[in-house]
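Working notes, beginning with the structure itself.
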Amino acid sequence: MKLALQVFPIWAIACSALAYLMPSLFSDFKSSIVPLLMFIMLTMGLTLRPADFKRLLDNKKAVLLGLILQFTVMPIAAFALSQAISLDSEMTVGMILVGAVAGGTASNVLCYLT
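Heads up: the sequence shown begins at 1 in UniProt numbering, then just goes up one per residue.
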């Protein structure tokens with residue numbers, strides 16, 4: 001498992017490059033993205049224990065800071081980036097929305113595995 005985690009960035013970059021260069025190889029998986037993400041999110045949620053929620057209640061300041069940063073800094077950074085690269089208004093709105101959404105399904109899985 002440790003080796004798989006160590007080479008994961010290499011696999012991710014290689015698959016991303018392959019998908020960019022030959023998107024037709026991955027087009028059959030398009031309909032599987034949502035069900036697979038749902039499965040990953042469900043199984044990650046099933047790993048939570050009551051102690052995990054207690055830790056959240058014990059660290060209210062950290063949770064509040066995370067919420068403030070997620071819904072202020074991230075959208076502002078997305079707006080600044082979209083202005084820096086001169087996106088049109090529709091793309092800017094999309095970028096801000098993506099910035100405001102808590103993400104990280106893959107990062108949650110990798111953190112759990114390590």
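We put the CB at the ideal spot given by N, CA and C, even for glycine.
query                                                                                                                                   : result
Which residue comes first and which comes last in the alpha helix (DSSP H) that contains Phe53?                                         : Pro50 to Asp58
Taking the alpha-carbon positions, what's the Thr105 to Val98 distance?                                                                 : 14 Å
Got a sec, what are the start and stop residues for the alpha helix (DSSP H) Ile13 sits in?                                             : Lys2 to Leu21
According to the neighbour-count rule (16 or more other Cβ atoms, all chains shown, within 10 Å of its Cβ), is Ala78 buried or exposed? : buried
Just the Cα atoms here: how many angstroms apart are Met1 and Glu90?                                                                    : 43 Å
Does Ser24 pass the burial test, meaning 16 or more other C-beta atoms within 10 Å, or should it be called exposed?                     : exposed
List in chain order: all unbroken alpha helix (DSSP H) runs of 4+ residues lying wholly within the stretch 59-95.                       : 60-68 and 74-84
May I ask you to report which of helix, strand or coil DSSP gives Gly99?                                                                : helix
Would you please state the rounded distance, in angstroms, between the beta carbons of Val63 and Leu56? I believe it to be under 8 Å.   : 6 Å
Straight-line CA distance for Ile76 to Leu65?                                                                                           : 16 Å
So Phe26 is in the alpha helix (DSSP H); what residue range does that whole segment cover?                                              : Careful: Phe26 lies outside any alpha helix (DSSP H) and carries neither H nor E.
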